[in-house]
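Residue numbers (the numbering used here), protein chains in the order written: chain A, 1 to 417; chain B, 418 to 651; chain C, 652 to 910; chain D, 911 to 1496.
Glycine is no exception: its CB is placed at the ideal position from the N, C-alpha and C atoms.
Computed from a predicted structure; not experimentally measured.
So the structure is just underneath, and the comments pick up after that.
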Amino acid sequence: MNMLLTIANIFSLDWWHKAWLRSDGATDLARSTDETGMFLWWFCAFWFVFLMALMFTFVARYRRKKGQIAPRSPSHNTPLEIAWTVIPTLFLVWIFFKGFWSYMDKMVAPGDAVMMDMRAWKWSWGLTYPNGSETNAFTVIGARQVPVFYIPAEVNIKLRLESQDVMHSFYVPDFRTKIDVFPNRYTTTWFRAKAPSGAKVHPRSIAEVESAKASAASKGGRYTGPEYIETLAGEPYEDHWIFCAEYCGDEHSEMAAILRVVPAPAFDRWVETIGTGSLSPIELGKLLYARKGCSQCHTVDGSASTGPTWKHAFGTARQFTNGESYSAEQMSDVAFFSNYARESILTPSVKIVSGFGNQMTPYAGQLNDRELNALIAYIMSLGVNPPPVTTEGDAPADSSNPNAGDSQGAPAAPQPQ
Amino acid sequence: MAHSPANSAAFNELDPHGFEGHGQHAAHVIIGPFTLRLVLAALLFFTVLTVGLAQLEVGIQNYFHIVLPWWVNVVVAMSIATVKALLVMAYFMQLRYDNPINTILMLFTMGALALFLFFTGLDLLSRDVIEPQKAGAIVAGGTGKQVVGTGDKPLVVAARERFMQKLLDKHNGNVAAAEAEFEMIKADVSPHHHGHGHDGGHALPDANRTFPRFGTSGALSADDPHHAPASTGH
Amino acid sequence: MSTLDTRELGTLQRWQRYIHGHHWRSSAEEFDAVKFGFWLFLSTEVLLFGGIFCAYFIFRSLYPAAYAEGSQALDWRWGGLNTVILLISSYTMAASIYCVQKGLFSRAKLNLVITLLCGLLFLAIKILFEYTPKWSGYFFVLDPALSHHAATVVEGKTALFGLFQYVEGYGGKRPGSLFDHPFAQNADIPMWWSVYYCGTAIHALHVIIGMVLIFRVLLRVNKGYYGPTHYTMVEIVGLYWHLVDLIWIFLFPLLYLIH
Amino acid sequence: MAATHDHAHHHGSYLEPKGGFWTTVVDWATTVDHKKIGVMYLVAILFMFFLGGVAALALRLELFEPVRTVVDATTGASKITGQMFGNPDAGGIGAGNNLYNRIFTLHGAIMVFMVIVPSIPASLGNFLLPIMLGAKDVAFPRLNLLSWYVYVVGSLFAVAAIILGGVDTGWTFYTPYSTTTDADYWRVTLMVLGAFTLGFSSILTGINFVVTVHKLRAPGMGWFDMPLFAWALYAAAIIQVLATPVIGITLLLLMFERIFRVGIFDPALGGDPVLFQHFFWFYSHPVVYVMILPGMGIISDVLAVQSHKKIFGYRAIAFSSLGIAGVSFIVWGHHMFASMSELASMVFSALTFLVAIPTAIKVFNWISSLYKGSIALNAPMVYTLIFLFTFSIGGLTGLPLATLSTDLHLHDTYFVVAHFHYVMMGGTIMAFMAGLHHWWPKMFGRMYNEPLAILGALVVFIGFNVTFFSQFFLGARGMPRRYASYVDEFQLLHQISTVGSFILLVGFLIHLFVFLASFATGRKAPANPWGGLTLEWLADSPPEEHNFPHEPIVTHGPYDFESVVPHHWDPSDYPIPEEHRAVASH
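What follows is the structure, given as structure tokens:
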């Protein structure tokens, strides 16, 4: 043990801690995991240095010399061999229990945990809050628009996870935990996020956001902080990545999201206000575009992606892999286009636009009619010559709404923190 | 490493390292037809026995209404099968007279197989020990995103609807007639089970009455995944 | 195994002329080694089927209801008959080894032929009475089970010159997404058929391979390759055939008898 | 022992051509000589190693930038590769990560199924095992040749799958992704069929080795007179025989699932994806030891010979090989801590720690074998030391992965990637290189350029550690594996890793040159260049047709250096004190 300490003095413990862990664990369990991990690091480092020191000493000491042979030396030594069998074993037993107990803590959620439903599909995440609503906040990682899930701090939260298609894995590096997500089965995980440090707070006004964006742009960067949200103005927050850790296909590496921890009262205020009832079809469509993962594969600015872009989808001739083709006239007809769009959303495999793969997850059973119509309205609003908007209060396609611009992100954007 | 020198004078060319032991000669055993026929008779007897016992269990349950624990059936059938397997291996495959190494090898194989079954079962059958929700049965077509042609319905539901559709076409859309024929065919299926002497002919319950959980997407709306609403598929 | 035709021993049978591989010290050692090697191969076969047994074990434990319903749809009489056939064939195979060891070649050939016929019979029963009706609903006209379907036999809907009769509402007990049986109570029942078809099909494949090997042995016995001092291949093929039997000894109760 | 060796009837080396060019080709294509088959395996494996290496470099290039670069590059080249990898849009619209995913699958599948698993057993093992045991050939020579052809056919299937457009399942073929992706194409099925076929080749080799070790040891060679390399091959062969059939049935069922839609693994059909993982890892974990055990055997042998020192704790090493082989069958669950039930995770974690013990014992033994040795620092020895260095890191970093709480964080991150590269490449491949240099003179009868080889070894060593040690940090900081693009924060470490991978390339190019040069200009190798005591050094370099003129009789242990003068060595170069030499006369 004092050996450990001497090594610890030679290199600063802190330096290695920073080198291995990009930040302190964001939950108590994560911190205990970090302890175990750092202990293991020093344990391994000790044995490694010890063995290598021996090895190199021997090699240096017993180089071959011409005309000399190795002196006789014991070819085995039972006590020694027993010693180096038993002593490591004892260490291992201890390590096992250390890992096992904190694993069980990670697995067994406290009885008072708040249950939320997390869905995974190719290639995005969706979180349903206890009141049935879903998040309306989004940000950018890399070039992708990803959802931001607000989470109350210092509250036990239990996620019930399920997948819509293939296996995914819910991984929050800052929580040091990970759980695979299966179709047709539930898995669960839980956490109690630490309160945000207060280093970052929500903007208090739209002006503040604008200036932040301007300054970020001036630095060639890109503002990825929160938009102005009335219920959260001035509230501190802490962002954590959500990654998919189980290979799930084409956009696997884009299947990310942000877990944003805010004080519990602020969360309660916020979660009350995110119903979608008040939104016009196009606004709602824009929201669903981001929330339902459409943004993973379809851009709204005509740029390349896994699926056909939505810009000018309404009013552009389509050629399909099955040989069919729709003329620009047909595609400009509202009724005709609506039916085509509805079919392509619910059962995408029926008509594949030439040049694209049969990649999309069918959305049958995931969208109600209002949502479906909203999405179609939004797509049409991006068309060649969009139909006149009947609903009042909806924004044009190229509005300053943060969600609209997000999919044209610069390749290398700074990450959310 | 203490080393025992090989004395080349006493060295046996056929058995260079004394490993085979008696294996050399044992390998050439000849098992006479009498033994073989005896073994065959035993095997046939055990076959009859195992079938008879299985039928007996069914009979007891159906006619005396004594419900035997589920494992009786399994243990009886499997132990008889094991006895038969041992007979085949020992005599037909000559393990009894053969070089013991082959027997040891088979034991190792069985060991590996046992480990395989045990640990796989240990995981898959203990999912709900900590978290009951993890025990959710996997329903075919539950999320329905992958199965061709079933939409989001379980396979059996889809199959039944396909079948009803066939009947409807046959009666060119006359629902009542189709329903009637559906019932008729169903009635004719259960005697088929009689004929095969399986169960005491308990009629198949109405196929439409109950389904397992309608996949997770259906159950999400339910508070408790175990008592999710019955299928809304029809 | 190399044979020396160049030797001045034309009068001798091939098996008498056999000499062991150059890297062995004696043909006895070679024989022993070949058997050991083949037992190693048999152990791989056992573990191959181990996968099937594992899948069966897991899914029966997860979906007992589906498996109970599934096993009810199988007729133990066909399974039992096939078991008996395979046991007899195992006996004839062992007997043929004995005959070769004793140099009774005609009896050896007879036993081998019977073994082959048993294999054929096994496959015929599987295909005509087990697979075809369940998969497609077409019953072989000689199938006793057909009598239970008098009401639902579709007149005029036959196949292969009337050799097969279609029974309404019976077929479609196929695995996975091909499953089409409208009267299943349990959505998991396709899993039973998946395991049933995979297990029995892979076993049937082994039966076919075994028959090919036996046929080759038959030919070579005929040509006099094997005899009292050299019968390694006969013994090896025998072992393989017994393994095929062994697997079925377990498949039969698992599929047909356990409700 | 040298007495029994008689140069009078010398048959000529196995390399001597049997006549004209085509005669020689036919002779090699139909040979049942284990030496030729070993060499044929060596060539095939090195070619596959080259393919997999190119793929690896492509991956590292892609990861140099956080966003997709190689894949999205709109250059004609990437368009062509795109078409080749079945993604006509590569570089054009909607390239996605298709290309990247196909390349890492290609890298994994080739390196695991076609390189590392057969690498040491099928090439060096095939060549050396019979000679080390004093046998004329392996137990079943024709089976041996068959296994090579099966290997080639399997590899062709896999390569065909790649040319037909590539496979994006990852080498693990996890369901349900592997059962649903590319549903309308045969590529995945073809690739699975390839892996299935390769399994047969592996089984045949395994059976051959087990029987050879049991039945063909030279007179006087008891179990504990075998070289440790033979012991390791024996242990590995047992695993091959007992584990490979399970991957066979797994892949068979996977093919059924794709072709007939039977649902044993696909949850949409009622199957269970975790069941697939159990099937898969029941093979794929033990096979990890098929990969590493022969490497350990090589190290034990090279280390003893190159330091003329009786290996420390012979029996401990031999039994730890068997111990590892045994334990390897009950620890596969540690690949699944994130998907298994808590109870199983606990049991498997506890069992996993068991593997550490025999492994630690081996390392301790090797290092104490150096004590008071007479250590020659030539290429094989340098590679042995490199092995001890990298393998220790690989082994120790297994601990946080076996520990449940930390594994939940590190599972499926670059930490795992780094860990298994340290074990598989830093272990198996380094040992393979050690063995290749150690037995090169024996196999081809020519020495290689020592200084250049050592230089290559050092470059490889540096490149390897730069490439993969940075990945430990990546993983611990939360970088998931199989990502084509990543958040900028990870860029620096990724760039270090990429640079390292190209240093690695340079190192291997040096080795390629060394080997080619040794054919061209290498001086004739003596029969026993290193002064080894095991039987292969008794044979000529290269060995003659049937290895030995007479069946050798073993009169001493494989490592009795302090009492026996190595064959073909001048006793004056090898002054054994009389009182010790007396021991040798038994």
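For the stretch 52 to 70 of chain A, the beta-carbon criterion of a distance under 8 Å to any beta-carbon of chain D is satisfied by Met52, Leu54, Met55, Phe58, Val59, Tyr62, Arg63, Arg64, Lys65, Gly67, Gln68, Ile69 and Ala70. Under a 10 Å Cβ-count criterion, Trp1058/D is classified as buried, with 16 or more other Cβ atoms of the shown protein chains found around its own Cβ. The beta-bridge partner set that DSSP reports for Ala257/A consists of Ile242/A.
Using beta-carbon distances, Ala19/A counts as an interface residue toward chain D, with a partner under 8 Å. Inclusion of Val181/A and Thr1090/D in the CB contact set at 8 Å is not warranted, their separation being larger than that value. Looking only at Lys1352/D, Gln1381/D and Asp1094/D, the smallest Cα-Cα distance to Leu973/D is reached by Gln1381/D. Around the beta carbon of Met601/B, fewer than 16 other beta carbons sit within 10 angstroms, so the residue counts as exposed. Looking at the DSSP output, Pro152/A shares a beta bridge with Val262/A. DSSP places Pro841/C in the helix class (H, G or I) of the three-state scheme. When CB distances to chain B are screened at a threshold of 7 Å, the residues of the stretch 1231 to 1252 of chain D falling below it are Phe1239, Ile1240, Gly1243, Met1250, Ser1251 and Glu1252, in chain order.
Interface criterion met: the Cβ of Ile547/B is under 8 Å from a Cβ in chain A.
Sixteen is the threshold: since fewer than 16 other Cβ atoms of the shown chains lie within 10 Å of the Cβ of Asn591/B, the residue is exposed. Taking one beta carbon from each stretch, the stretch 1321 to 1340 of chain D and the stretch 1010 to 1019 of chain D have fewer than 3 pairs nearer than 8 Å; the two do not touch. With respect to the C-alpha of Ser543/B, the residue from Arg1171/D, Phe1229/D and Ala1254/D having the closest C-alpha is Ala1254/D. Only those residues of the stretch 165 to 188 of chain A whose C-beta falls short of 9 Å from the nearest C-beta of chain B are listed: Asp165, Val166, Phe182, Pro183, Asn184, Arg185, Tyr186, Thr187 and Thr188. As far as DSSP is concerned, Gln1216/D takes part in no beta bridge. For Leu1185/D, the chain B residues whose C-beta falls within less than 8 Å of its own C-beta are Thr537 and Leu541, listed in chain order.
The C-beta separation of Pro1177/D from Pro183/A comes to about 5 Å, placing the pair in contact by the 8 Å criterion. Distances from the alpha-carbon of Val697/C to those of Leu1422/D, Ile1157/D and Gln1401/D put Ile1157/D closest. DSSP places Ile141/A in the uninterrupted beta strand (DSSP E) bounded by Ala137 to Ile141. Contact check for Trp1242/D against Phe1299/D fails: the beta carbons are separated by 8 Å or more. Interface annotation, Tyr1393/D: in contact with chain A, CB-CB separation under 8 Å. In the structure shown, the three-state DSSP call for Leu504/B is helix. For Arg579/B, a Cβ of chain C is located within less than 8 Å of the residue's own Cβ. Against chain A, a Cβ distance below 9 Å from Ser1259/D picks out Phe96, Gly99, Phe100 and Tyr103.
Under DSSP, Leu161/A forms a beta bridge with Met118/A and Thr187/A. The Cβ neighbour count for Gln752/C, taken over all protein chains shown within 10 Å, is at least 16; the residue is labelled buried. Using a Cβ-Cβ cut-off of 8 Å, Lys1272/D is close to nothing in chain A; its nearest Cβ partner there is about 11 Å away. Taking the Cβ atoms as the reference, Lys1125/D lies roughly 6 Å from Glu680/C, within the contact range of under 8 Å.
Here Ile1285/D carries a strand assignment [DSSP, helix/strand/coil]. Looking only at Leu1152/D, His944/D and Leu1264/D, the smallest Cα-Cα distance to Gly528/B is reached by Leu1152/D. For the stretch 242 to 263 of chain A, the set of residues with a beta-carbon nearer than 9 Å to any beta-carbon of chain D comprises Phe243, Cys244, Ala245, Glu246, Tyr247, Cys248, Gly249, Asp250, Glu251, His252, Ser253, Glu254 and Ala256, in chain order.
Counting only the Cα atoms, Gln478/B lies some 10 Å from Pro486/B. In chain order, Ile547 and Glu548 make up the part of chain B whose C-beta sits under 8 Å from the C-beta of Met107/A. Counting only residues of its own chain and dropping the five nearest sequence neighbours on each side, Ala264/A has a CB closer than 7 Å to the CB of Pro152, Ala153, Glu154 and Val155. Between the alpha carbons of Thr1269/D and Ile1234/D lies a gap of roughly 7 Å.
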